[in-house]
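**Q** Protein sequences appear in the order of chains A and B.
Quick note on numbering: the first sequence equals residues 12 to 263 in our numbering.
Quick note on numbering: the second sequence equals residues 12 to 263 in our numbering.
Glycine residues also receive a C-beta, built at the ideal position from the N, C-alpha and C atoms.
One structure follows; several queries about it will come next.
There are 2 protein chains.
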Amino acid sequence: MPARDPHAHDSYAYDPHAFEPFAVTVDLAVFTVRAGALHVLLIRRGRAPYAGDWALPGGFLLPRESAEAAARRELAEETGLPDRLVAGLRLDQLRTYSEPDRDPRMRVVSVAFTALVPGLPEPAAEGGGDADRARWVPVAEARGLAFDHAQILADARERVGAKLEYTCLATAFCPPEFTLGELHAVYETVWDTALDRPNFRRKVLATPGFVEAVPGAARLTGGRGKPAALYRPGPATTLHPPLLRPVEGTQR
Amino acid sequence: MPARDPHAHDSYAYDPHAFEPFAVTVDLAVFTVRAGALHVLLIRRGRAPYAGDWALPGGFLLPRESAEAAARRELAEETGLPDRLVAGLRLDQLRTYSEPDRDPRMRVVSVAFTALVPGLPEPAAEGGGDADRARWVPVAEARGLAFDHAQILADARERVGAKLEYTCLATAFCPPEFTLGELHAVYETVWDTALDRPNFRRKVLATPGFVEAVPGAARLTGGRGKPAALYRPGPATTLHPPLLRPVEGTQR
DNA sequence: CCAAAAGTGTTGACAATACACCCATGA
DNA sequence: TCATGGGTGTATTGTCAACACTTTTGG
Numbered sequence: 012m013p014a015r016d017p018h019a020h021d022s023y024a025y026d027p028h029a030f031e032p033f034a035v036t037v038d039l040a041v042f043t044v045r046a047g048a049l050h051v052l053l054i055r056r057g058r059a060p061y062a063g064d065w066a067l068p069g070g071f072l073l074p075r076e077s078a079e080a081a082a083r084r085e086l087a088e089e090t091g092l093p094d095r096l097v098a099g100l101r102l103d104q105l106r107t108y109s110e111p112d113r114d115p116r117m118r119v120v121s122v123a124f125t126a127l128v129p130g131l132p133e134p135a136a137e138g139g140g141d142a143d144r145a146r147w148v149p150v151a152e153a154r155g156l157a158f159d160h161a162q163i164l165a166d167a168r169e170r171v172g173a174k175l176e177y178t179c180l181a182t183a184f185c186p187p188e189f190t191l192g193e194l195h196a197v198y199e200t201v202w203d204t205a206l207d208r209p210n211f212r213r214k215v216l217a218t219p220g221f222v223e224a225v226p227g228a229a230r231l232t233g234g235r236g237k238p239a240a241l242y243r244p245g246p247a248t249t250l251h252p253p254l255l256r257p258v259e260g261t262q263r
Numbered sequence: 012m013p014a015r016d017p018h019a020h021d022s023y024a025y026d027p028h029a030f031e032p033f034a035v036t037v038d039l040a041v042f043t044v045r046a047g048a049l050h051v052l053l054i055r056r057g058r059a060p061y062a063g064d065w066a067l068p069g070g071f072l073l074p075r076e077s078a079e080a081a082a083r084r085e086l087a088e089e090t091g092l093p094d095r096l097v098a099g100l101r102l103d104q105l106r107t108y109s110e111p112d113r114d115p116r117m118r119v120v121s122v123a124f125t126a127l128v129p130g131l132p133e134p135a136a137e138g139g140g141d142a143d144r145a146r147w148v149p150v151a152e153a154r155g156l157a158f159d160h161a162q163i164l165a166d167a168r169e170r171v172g173a174k175l176e177y178t179c180l181a182t183a184f185c186p187p188e189f190t191l192g193e194l195h196a197v198y199e200t201v202w203d204t205a206l207d208r209p210n211f212r213r214k215v216l217a218t219p220g221f222v223e224a225v226p227g228a229a230r231l232t233g234g235r236g237k238p239a240a241l242y243r244p245g246p247a248t249t250l251h252p253p254l255l256r257p258v259e260g261t262q263r
């Protein structure tokens with residue numbers, strides 16, 4: 012409930028703490044698939060607390076800026092990602108982290124986002140701003156993160172895995188035109204499971220609007236093997252029926 | 012990124028706005044199923060802005076309180092829901108609303124939650140606090156809400172519908188012991204679709220841990236018809252494979 | 001010719017649907 | 001005995017997993 016008058020309720024009538032200032036920030040978990048491993052974009056902190064540690068990119072909301080806008084701005088400022096890519100990037104809210112002691116200095120509430128970008132040929136974290144401190148790090152090796160960023164990263168990883176099941180978001184990990192082999196590799200990498208290639212292929216092609224063929228085009232992948240047909244992302248956003256992760260446990 | 016020193020970055024070095032205070036609130040979309048319709052818990056506002064309009068319950072975070080804790084506290088304070096129910100209630104973060112002008116008076120960032128409660132015999136919105144201003148309203152009739160609460164409500168409704176597909180959350184709409192007919196009615200009400208009863212029944216019973224039979228018990232439902240067996244919520248939290256909403260469109 | 005990667009076919013297990021049908025209770 | 005809601009059976013249909021197989025390229 013926005014801005015109810017802090018004097019409106021007995022339990023904090025005239026309580027100055029009702030105006031206690033909160034800092035509001037955004038944090039970004041930006042993922043990519045490189046060299047067969049899921050990577051996350053991290054920034055090395057320059058000052059205390061957690062100086063020298065790795066952290067998720069992010070920062071404060073400006074006074075008249077939504078969290079989405081702040082996330083996009085911070086991503087452009089703090090990382091070396093190309094402007095065109097950041098402008099067209101899809102940002103998904105993950106959740107908001109509001110534990111009172113998550114920052115040792117003051118009360119900070121942070122809205123976390125996830126984003127998926129294609130694997131880039133060059134290290135991507137180059138250029139102006141704080142970009143020299145930005146790096147792609149395999150999620151398996153991302154340890155000792157500042158603040159509660161390990162938790163955010165874990166939540167984000169789980170969310171991304173789940174989203175691949177029932178949305179068409181996997182194509183966001185691929186370049187504008189991609190082969191089904193590349194899309195297959197995205198699923199296997201994010202889920203860390205083997206998927207039967209022929210069945211995966213059929214499933215993707217049977218879902219209307221997931222991908223659409225680029226007429227006549229083909230590409231040699233890795234120089235070896237038969238050239239693969241190219242596809243573009245289709246207009247669909249959700250997968251019906253979903254493409255479920257195989258479960259290790261007892262059921263199904 | 013929590014509490015980065017606002018002087019740390021050139022673009023707002025020494026900018027006092029980096030400390031611009033934000034108010035942080037929670038908003039709650041609490042749903043129940045009553046008389047075959049999905050209802051949401053609303054509060055009638057007592058003062059401007061939007062005086063006299065209906066709004067979602069919610070309020071400010073206290074200085075050392077997480078959003079989850081604030082949501083639970085506000086729910087207990089503002090509504091007549093029984094304390095036992097509020098204490099055991101499951102709260103799910105929906106998303107955070109941060110548009111700069113969503114409150115006409117000041118900058119307010121609000122973390123929205125959803126919660127599901129069983130249909131209560133009595134009107135539920137009774138007792139102390141602001142409870143006399145609280146009411147269950149059918150979502151179809153909830154119009155003209157204060158602030159951006161119509162948007163929050165729409166998002167919450169969609170999320171709840173989606174969650175029924177792949178989680179066991181539907182039992183939260185039912186009393187501690189319930190019949191499969193009641194569970195069936197929950198799905199039909201929330202999704203606003205007819206579901207084949209025998210198939211629904213088999214699906215639920217075939218999902219391990221969704222529900223477990225209460226030994227020997229049976230209940231007359233509505234006085235008419237055969238007494239139905241009683242079930243309790245099981246230990247499972249997710250539905251594998253999911254119970255998908257029938258789609259009206261072309262696909263599937 | 002061989003290795004590697006793309007792409008097709010086939011089959012059996014299983015799950016979801018659309019029904020028809022029986023059972024227990026109140027009026 | 002009828003209406004009402006609970007509960008069971010079954011045939012059909014479709015989907016998914018497993019795996020054998022063909023095709024096209026580079027070396």
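(1) If you count every other CB in all the chains shown that lies within 10 Å of the CB of B:Pro209, and 16 or more means buried, which is it?
(2) Taking Cβ-Cβ distances shorter than 7 angstroms, what residues in chain A pair up with B:Arg118?
(3) Taking only three categories from DSSP, how would you classify B:Pro209?
(4) Taking Cβ-Cβ distances shorter than 7 angstroms, what residues in chain B pair up with A:Thr107?
(5) Taking B:Gly155 as the reference, which of B:Tyr61, B:Phe211, B:Phe33, B:Ala48 has the closest Cα?
(6) In the region 40 to 84 of chain A, which residue ranges form an unbroken beta strand (DSSP E) of at least 3 residues, counting only runs that do not cross its ends?
(7) Rounded to a whole number of angstroms, what is the C-alpha to C-alpha distance between A:Val148 and B:Arg106?
(8) Note down the Cα distance separating B:Val215 from B:Gly245, rounded to an integer number of angstroms.
(9) Taking 7 angstroms as the cut-off, decide whether the C-beta atoms of A:Thr43 and A:Val122 are in contact.
(10) In chain order, what residues of the same chain have a beta carbon less than 8 angstroms from the beta carbon of A:Glu110, not counting five sequence neighbours either side?
(11) Do A:Ala81 and A:Val51 have their CB atoms nearer than 7 angstroms?
(12) Would B:Pro257 count as contacting chain A if we go by Cβ distances under 7 angstroms?
(13) On the DSSP bridge list, what partners appear for A:Ala145?
(14) Residues in the same chain with beta-carbon distance under 7 angstroms from B:Arg113, minus the five sequence neighbours each way, listed in chain order, please.
(15) Which term fits B:Thr190, buried or exposed, when burial requires 16 or more other beta carbons within 10 angstroms of its beta carbon?
(16) Roughly how many whole angstroms lie between the Cα atoms of A:Leu180 and A:Ala205?
(17) Keeping to the same chain, check which residues put their C-beta closer than 8 angstroms to that of A:Thr249; ignore five residues upstream and five downstream.
(18) Could you check where the beta strand (DSSP E) with B:Gly126 kicks off and where it finishes?
(19) May I have the straight-line CA-CA distance separating B:Pro187 from B:Leu49, to the nearest angstrom?
(20) With a cut-off of 7 angstroms, does the C-beta of B:Phe211 fall near any C-beta of chain A?
(21) Locate the alpha helix (DSSP H) running through B:Asp103, then write down its first and last residues.
(22) Taking the beta strand (DSSP E) that A:Val222 belongs to, which residues open and close that run?
(23) Once DSSP output is grouped into helix, strand and coil, what is the label at A:Arg95?
(24) Relative to the alpha-carbon of A:Ala9, which residue among A:Val258, A:Gly234, A:Ala66, A:His251 has its alpha-carbon at the smallest distance?
(25) According to DSSP, what are the bridge partners of B:Phe158?
(26) Identify the continuous alpha helix (DSSP H) that holds A:Ala196 and give its terminal residues.
(27) Could you tell me whether the Cβ atoms of B:Leu72 and B:Val41 are closer together than 7 angstroms?
(28) Over the uninterrupted beta strand (DSSP E) stretch that includes A:Leu241, give me the two end residues.
(29) Kindly indicate which residue of A:Thr232, A:Glu193, A:Glu169, A:Thr182 has the alpha-carbon position closest to the one of A:Trp202.
(30) Whole angstroms is fine: what's the gap from B:Arg256's alpha carbon to B:Thr218's?
(31) Kindly list the residues whose CB is nearer than 8 angstroms to the CB of B:Ala240, restricted to its own chain and excluding five residues on each side of it in sequence; keep chain order.
(32) If we call anything under 7 angstroms between Cβ atoms a contact, is A:Pro68 one with A:Leu39?
(33) For B:Pro32, tell me which candidate among B:Ala183, B:Thr232, B:Met117, B:Ala173 has the shortest Cα-Cα distance.
(34) Looking only at C-alpha atoms, which of A:Tyr242, A:Thr200, A:Phe211, A:Leu175 sits nearest to A:Gly130?
(35) Give me the chain B residues within the contact set of A:Glu110, using Cβ-Cβ distance strictly less than 8 angstroms, ordered along the chain.
**A** A quick look at the data gives this:
(1) Exposed is the call here.
(2) Near B:Arg118 (Cβ distances below 7 angstroms), the residues of chain A are Pro74.
(3) Residue state, collapsed to three classes: helix.
(4) Listed by position along chain B, the residues whose Cβ is nearer than 7 angstroms to that of A:Thr107 are Ala78, Gln104, Thr107, Val122.
(5) Nearest Cα to B:Gly155 within the set B:Tyr61, B:Phe211, B:Phe33, B:Ala48: B:Tyr61.
(6) Runs of the beta strand (DSSP E) inside the region 40 to 84 of chain A: 48 to 55, 69 to 71.
(7) The alpha-carbon atoms of A:Val148 and B:Arg106 are separated by roughly 28 angstroms.
(8) Each residue's alpha carbon lies about 11 angstroms from the other.
(9) Judged by beta-carbon spacing, A:Val122 lies beyond the 7 angstroms limit of A:Thr43, meaning their Cβ atoms are not closer than that value.
(10) Closer than 8 angstroms at Cβ, skipping near neighbours: Asp159.
(11) Not a contact, by the Cβ cut-off of 7 angstroms.
(12) It does not: the Cβ of B:Pro257 has no partner Cβ on chain A nearer than 7 angstroms.
(13) Answer by DSSP bridge pairing, in chain order: A:Ile54.
(14) Non-local beta-carbon contacts of B:Arg113 in its own chain, meaning distances under 7 angstroms to residues more than five positions away in sequence, involve Val119, Phe158, Asp159 in chain order.
(15) Counting other Cβ atoms within 10 Å of its Cβ, B:Thr190 reaches 16 or more and is therefore classed as buried.
(16) Going from the Cα of A:Leu180 to the Cα of A:Ala205 covers about 19 angstroms.
(17) Same-chain partners within the cutoff: Tyr177, Thr178, Cys179.
(18) It should be pointed out that residue 126 of chain B corresponds to Ala in this sequence rather than to Gly. Run containing B:Ala126: 119 to 127, per the beta strand (DSSP E) assignment.
(19) Using only the alpha carbons, I get a separation of about 19 angstroms.
(20) Cβ-Cβ to chain A under 7 angstroms: no for B:Phe211.
(21) Counting along the chain, B:Asp103 sits inside no alpha helix (DSSP H); it lies in the beta strand (DSSP E) bounded by residues 103 to 108.
(22) Run containing A:Val222: 222 to 230, per the beta strand (DSSP E) assignment.
(23) DSSP places A:Arg95 in helix when its eight states are reduced to three.
(24) Chain A is shown only over 12 to 263; residue 9 of chain A falls outside these bounds and no answer can be derived.
(25) Answer by DSSP bridge pairing: none, since B:Phe158 is not bridged.
(26) Unbroken alpha helix (DSSP H) run through A:Ala196: 191 to 202.
(27) At a Cβ-Cβ threshold of 7 angstroms, B:Leu72 and B:Val41 do not count as neighbours.
(28) Element bounds for A:Leu241: 239 to 244.
(29) Looking at the Cα atoms, A:Glu169 is the closest of the given residues.
(30) Whole-angstrom Cα-Cα distance: 16 angstroms.
(31) Excluding its 5 nearest sequence neighbours in each direction, B:Ala240 has C-beta neighbours in its own chain below 8 angstroms: Thr190, Leu191, Ala224, Val225, Ala228, Ala229, listed in chain order.
(32) Contact: yes.
(33) If you compare the alpha carbons of B:Ala183, B:Thr232, B:Met117, B:Ala173 with that of B:Pro32, the shortest gap goes to B:Met117.
(34) The residue from A:Tyr242, A:Thr200, A:Phe211, A:Leu175 with its alpha-carbon nearest to that of A:Gly130 is A:Thr200.
(35) Going along chain B in sequence order, the residues near A:Glu110 (Cβ under 8 angstroms) are Ser77.
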